[in-house]
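For reference, the structure discussed in these notes is given below.
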Amino acid sequence: MNTSLTVARRAALRARAAAAAPRIRCYATPAAPAPTSPAPMTTTLGEEDDPQLADYPRLPFVSKQTRPARGWEDLQFRRNFGEPLHEQEEILSMWGPDVPVVPPQTALRWFSIAVLGFVSLGVLCNYAHPEIPAVRREYPYGGLVSELGGLEENKARVENDSEADE
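Structural data, given as structure tokens:
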């Protein structure tokens, strides 16, 4: 007798058996391709752009830093054994220049906002400082020029090397 209850039980048992089956995860290949952030740079050269590469595979210009951290035979370089290297591996490897986390336009906007904030704070402090609480000193007769002997008399004295000559 195939009732709906029997069919449901059989389906539940099949699902439980499928879930109980051991799933073997092989770490030789990544689980899923890593999302590239920002968009990967691609070469726009022709198919036969470099005759020295001959039949070497044309690999995409994507940094290894965008790959997931786990799931590789060589965790430090994020690559598997036998995986072909890119023609510009020294630029795209883990030791190459860092991949920007923030797009350059956003970083420039943030930097501009920070500079504008510092300049605004400086201008605000310049206009907000209090006045000097005393009157500046004023001397009569043009600052006592004639009383102190005139401008020629008040110049800095030039020292001679007369002691060195002796």
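Residue numbers (the numbering used here): 10 to 175. All C-beta atoms, glycine included, are put in the ideal place defined by N, C-alpha and C.
I'd like the span of the alpha helix (DSSP H) that includes glutamine 114, first residue to last. First-last of the alpha helix (DSSP H) with glutamine 114: 113-137.
Beta-carbon contacts of glutamine 61 that lie in its chain and below 6 Å, excluding the five residues immediately before and after: Here glutamine 61 has no same chain residue with a Cβ atom under 6 Å from its own Cβ, once five neighbours each way along the sequence are excluded.
Who are the near neighbours of glutamate 92 in its chain, counting only those whose CB is closer than 6 Å to its CB and skipping five residues on each side? Only residues of its own chain outside the window of five on either side were considered, and among them none has a CB closer than 6 Å to the CB of glutamate 92.
Between the segment 67-85 and the segment 101-108, do three or more beta carbon pairs fall short of 8 Å? Taking 8 Å as the limit for Cβ pairs, the verdict is that the segment 101-108 does touch the segment 67-85.
Using a Cβ-Cβ cutoff of less than 6 Å, which residues in the same chain neighbour proline 47 once the five nearest sequence positions on both sides are dropped? With a pLDDT of 48 at proline 47, under the threshold of 50, the predicted position of this residue should be treated as unreliable, though the coordinate-derived value follows. Cβ neighbours of proline 47 beyond the five flanking positions: Pro112.
CA-CA distance, glycine 126 and histidine 138? Those two C-alpha atoms are separated by around 18 Å.
If you follow the alpha helix (DSSP H) that isoleucine 141 is in, where does it begin and where does it stop? Judged by DSSP secondary structure, isoleucine 141 falls outside any alpha helix (DSSP H); it is assigned neither H nor E.
Alpha-carbon spacing of leucine 153 relative to glutamate 147, whole angstroms: Cα to Cα, the separation comes out at about 10 Å.
To which residues of the same chain is valine 132 closer than 7 Å at the C-beta, ignoring the five residues directly before and after it? Excluding sequence neighbours, valine 132 sits near nothing in its chain.
Going straight from the alpha carbon of glutamine 114 to that of aspartate 58, what length do you get? Per the coordinates, the alpha-carbon of glutamine 114 lies some 31 Å from the alpha-carbon of aspartate 58.
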